[in-house]
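Below is one structure, written out as C-alpha cells, with a few remarks after it.
Numbering (my numbering), first residue to last: 28 to 820.
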C-alpha cells in the first residue's frame with residue numbers, strides 16, 4: 028500500500044518512514060523475544076537490509092539488542108558479523124562525507140555511552156574469523172571518524188587495546204590488513220599519547236615492511252606513509268625513536284625504489300601513474316616532517332645530519348638537478364624537502380652549494396644558479412617558483428659565509444662579465460617588469476643583509492647599469508628611483524622594494540645618508556602615506572603605508588648627522604604628523620597579509636597576488652617596532668607588536684572570519700542540497716502524475732475503441748444473418764419459378780401441337796392463362812430483385 032500511496036501522491040516519504048519504523052520495531056521485538064536461533068538471525072538480517080535506508084530507526088530501536096549480541100553471544104560468529112554490519116551501515120552516509128554527517132555523529136555518541144561497547148568491539152576484532160574481524164575494524168574506523176577523541180580515550184583505557192590493534196597489521200589476509208592500516212590512519216590523528224604507544228609497538232617497522240611488499244602504484248603505500256606521517260609530525264619522542272632505530276636509511280631505500288624501480292622490474296620510461304606520484308609525495312612529506320622548522324632545534328639538526336650521512340640528501344639533490352622527467356608536483360616537493368634539509372645546517376648548505384649541473388653546452392652551473400634561473404623564469408609554475416625561492420632562502424638562513432659569497436658576486440671585478448652568478452640573477456629579478464619576479468629578487472637580497480650589518484655597507488659599492496647609453500649608478504639609487512617611478516601603482520613590487528630598503532637602511536648610517544640625500548625619496552614617502560587613491564585593496568594600502576612609515580622611522584633612527592636628523596623630524600611633523608606615522612606602523616600588524624606571512628618561513632600562498640610580506644622581515648619589524656615608536660612618543664604608550672597582543676588578536680580575528688565564512692558556506696551548501704532534493708522530489712512527483720494522466724487518457728481511448736469495435740461486430744453479424752435469409756428466400760422462389768416455367772412450357776407445347784384436332788377447349792383455360800401470367804410476373808420480380816439493403820431492420 029505504501030508503494031501505491033507514494034505513486035499516486037498520497038503518503039509520500041513520511042508514510043514510508045512510518046511503515047519502515049513499524050517494521051523495524053517488529054524485527055527488533057522479534058530479535059529480542061524469539062528463542063530460536065534461526066528466527067533471531069532472520070530478524071537481524073532484515074534489520075541489516077533496512078539499515079542504510081532507515082539509519083535512525085535501526086540504530087536507535089535495536090541498540091540494546093546489538094549490545095547484547097556483542098557482549099553475550101560473541102561465540103556465535105554469524106550473529107556477531109551481522110550485528111557489526113548493521114552498526115557499520117547506520118554510521119555510514121550515502122555520500123561518504125563524514126564531516127557533515129550529523130546523524131552518524133549522534134548515533135556514534137549514543138553507542139559510545141554504552142560501557143560494554145568498546146570492550147566488546149575490541150574483543151570482536153580479536154576474533155580470527157575474517158568477516159567478524161574485517162567488519163569490526165570497519166566499525167572502529169567509522170567511530171574514529173565521527174567521535175575520534177572519545178574513541179581514542181576508550182581504546183587507551185583498555186589494557187591491551189593499542190597493542191592488539193597493531194598486531195592486526197601482521198594479518199596475512201590482505202583485506203584485513205588493509206582495513207587495519209586505514210583504521211590506524213584515524214587512530215593516530217592528533218593524539219600524542221596514542222602516537223607514542225603505536226611507535227613503541229614497532230608500528231614504524233610493520234608499516235615499512237608492508238611498503239616493501241607492495242607495488243609502487245599501490246594505494247596501501249599511501250595509507251602506510253600517512254600513518255607514519257601522523258606519528259612523526261610534531262612528535263619529538265617519535266622522531267627521536269625513528270632516528271635511533273636507524274629507519275631514516277630505510278626511507279632512503281624506499282625513495283630509491285620509488286625513483287628508479289625495483290631491480291627485477293623493467294625500467295619505466297612512460298608517465299607516472301597518479302598513485303605513484305601521490306606515494307612519493309607522501310614519502311617526501313615524511314622526510315620533511317623529520318627536518319621541519321616547527322620541530323625542536325635538536326631534533327631538526329640530528330635529522331639533517333642523518334640525511335647527509337645516509338646519502339639521502341645527495342639523492343634529493345640529484346633529483347633536483349637531473350632531467351628524470353618527474354611530474355611537477357614531485358619535483359616541487361623535492362625542492363621543498365631539500366630546502367628544509369639544508370635550512371640552518373652549514374654542512375648541508377655547503378654540500379648543496381657544491382653540487383652542480385652540466386648543461387648541454389658543457390657549462391657547469393652551480394645548484395644556486397640553477398635555482399635562481401628557475402625562480403626568474405616566468406613560464407615556470409607558480410608553486411615551483413615559490414619552492415625554489417624557499418630553497419634559496421633556506422641556503423642563506425644562518426649562513427653568513429653563504430650571504431657573503433652572494434654579495435661578493437655583485438662587487439666590481441668579482442666575476443667575469445659573461446658568467447652567470449647568483450648576484451647578477453638577483454639584480455636581474457629586481458629590475459624585471461614582472462611583479463612576482465621583482466618581489467622574489469628584493470626578498471632574496473634582503474635575506475643576504477639580515478643579521479650581517481657589514482654586508483649592507485659592502486652593497487653600497489655595487490654599481491648597476493640598465494642600458495648601454497647611461498653610465499652605471501649605485502644599486503641603492505637604482506632601487507630608490509624604481510620605488511619613486513612606480514608612484515601609487517604596482518603594489519606588490521612596492522612592497523618588495525620597501526622591505527628591501529628598510530632592511531638595508533636598518534643599522535647602516537651610510538645607506539641612510541645616501542637615501543635621504545635625494546629629496547625625491549622623502550617627498551615620495553611623506554606624500555604616499557597620506558594617499559588613499561592608489562591601486563590595491565584597502566588591506567594592501569594599509570600594508571604599504573605601514574612599510575613607508577617604518578622606512579621613515581628607520582631613516583630617523585640611523586641618521587648620524589644632527590642637522591639632518593632635526594630636518595627629518597620637522598619634515599615628518601610638518602607633512603605627515605607623528606600620530607599618522609604611529610598609526611600606520613601599528614596598523615601594519617593588523618592586516619591579513621601580516622598575519623599570513625607570520626605563520627611560516629615557507630610562503631603559504633596559492634596565487635601570485637598573495638605574495639606581499641616576508642616571514643623574516645616581519646620578525647625584524649617586530650623586534651624594531653617598539654624602539655622606533657619610542658622616538659615619536661617618548662613618554663606615551665603605544666600598541667606595538669612587542670607584546671604580541673595585536674598579533675594574537677589579528678590571528679583571532681582572521682580565524683574568526685574564516686570560521687564564519689566556513690559556517691556560512693556550510694549553511695548555504697546544506698540549504699542548496701535541501702532545495703535540490705525538494706525540487707527533485709517535486710519533479711519526480713509531477714512526472715509521475717503526468718505519466719499517470721497520459722496512461723488514463725490512453726486507457727479511456729482504448730475502451731472507446733473497443734466498445735465501437737464490438738458494436739460494429741454485432742451489426743455485421745446481423746447483416747450476415749439477414750443476407751442469408753434473403754438468399755434462402757430467393758433460391759426458393761427461383762426454384763418455384765423454374766418448376767412453373769417448365770409446367771407452362773409443357774402446357775404451351777400441348778396447345779400448339781394438339782394430339783387430336785378439333786378438341787374442345789377446357790373450362791379453365793381462361794383462368795389458367797391468368798394464373799400463368801401472374802406467376803411469370805412474380806418470377807420476373809424475384810429474379811430481378813434489387814440488392815439487399817445492408818442496414819439492419
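Glycine included, C-beta positions come from ideal geometry on N, C-alpha and C.
Only counting the same chain, and skipping five residues up and downstream in sequence, which positions put a Cβ closer than 7 Å to that of residue i?
i: residue 10; result: An answer regarding residue 10 cannot be provided, because it is not within the stretch 28 to 820 covered by the chain.
i: residue 530; result: 473, 476, 477, 644 and 647
i: residue 316; result: 256, 259 and 260
i: residue 73; result: 54
i: residue 308; result: 356, 357 and 360
i: residue 887; result: The question about residue 887 has no answer here: the residues shown for the chain are numbered 28 through 820.
i: residue 120; result: 128 and 131
i: residue 598; result: 549 and 553
i: residue 796; result: Legend: pLDDT at residue 796 = 46, less than 50; position of this residue unreliable, no value from coordinates given.
Tell me residue i's beta-bridge partners as DSSP assigns them.
i: residue 391; result: 385
i: residue 501; result: 490
Use the C-beta contact count for residue i: other C-beta atoms within 10 angstroms, 16 or more gives buried, fewer gives exposed.
i: residue 747; result: exposed
i: residue 304; result: buried
i: residue 372; result: buried
i: residue 204; result: buried
i: residue 560; result: exposed
i: residue 135; result: buried
i: residue 488; result: exposed
i: residue 422; result: buried
i: residue 408; result: exposed
i: residue 144; result: buried
i: residue 639; result: buried
i: residue 169; result: buried
i: residue 630; result: buried
i: residue 744; result: exposed
i: residue 181; result: buried
i: residue 367; result: buried
i: residue 299; result: buried
i: residue 589; result: exposed
i: residue 15; result: Any answer about residue 15 is impossible in this case: the structure gives the chain only from 28 up to 820.
So residue i and residue j are in contact, right, with Cβ under 8 Å, and what is the actual spacing, rounded?
i: residue 310; j: residue 252; result: 6 Å
i: residue 548; j: residue 512; result: Between residue 512 and residue 548 the Cβ distance is about 12 Å, and since that is not below 8 Å, they are no contact.
i: residue 491; j: residue 454; result: 6 Å
i: residue 655; j: residue 580; result: 4 Å
i: residue 573; j: residue 612; result: 6 Å
i: residue 78; j: residue 116; result: 4 Å
i: residue 75; j: residue 113; result: 5 Å
i: residue 174; j: residue 139; result: 6 Å
i: residue 234; j: residue 254; result: 6 Å
i: residue 97; j: residue 184; result: Actually they do not touch by this definition, with Cβ atoms about 17 Å apart.
Between which residues of its own chain and residue i is the CB-CB distance below 6 Å, once the five residues before and five after are set aside?
i: residue 642; result: 624 and 628
i: residue 363; result: 414
i: residue 416; result: 402 and 467
i: residue 335; result: 375
i: residue 436; result: 442, 448, 449 and 450
i: residue 587; result: 536
i: residue 322; result: none
i: residue 505; result: 491
Give me, in chain order, the residues of the same chain whose beta-carbon lies closer than 8 Å to that of residue i; leave out the 5 immediate sequence neighbours on both sides.
i: residue 22; result: With the chain represented from 28 up to 820, any question about residue 22 goes unanswered, as that position is not in the structure.
i: residue 141; result: 90 and 94
i: residue 283; result: 342
When you measure from the CB of residue i to every non-hydrogen atom of the ligand GDP, does any distance come out below 7 Å?
i: residue 306; result: The ligand content of the structure shown is nil, which means the ligand GDP is not present either.
Note to self: I'd like to know if the stretch 240-247 and the stretch 263-277 are in contact, where contact means that at least 3 CB-CB pairs between them fall below 8 Å.
What the structure shows: no
Margin query: Below 8 Å, how does it come out for the stretch 613-629 and the stretch 589-603: are there three or more Cβ pairs, yes or no?
Written below: no
Next item on the list: Evaluate contact between the stretch 382-401 and the stretch 316-330, counting only Cβ atoms and requiring at least three cross-stretch pairs below 8 Å.
Entry: no
Notebook entry, point to check: With contact counted as at least three CB pairs below 8 Å, one residue from each stretch, are the stretch 51-68 and the stretch 101-111 in contact?
Noted result: yes
Margin query: For the stretch 631-638 against the stretch 599-616, do three or more pairs of beta-carbon atoms, one drawn from each stretch, fall closer than 8 Å, so that the two count as touching?
Written below: no
Margin query: Is it the case that the stretch 684-692 contacts the stretch 514-521, given that we only count it when at least three CB pairs across the two stretches are under 8 Å?
Written below: no
Note to self: Any contact between the stretch 204-221 and the stretch 275-290? By contact I mean 3 or more CB pairs, one from each, below 8 Å.
What the structure shows: no
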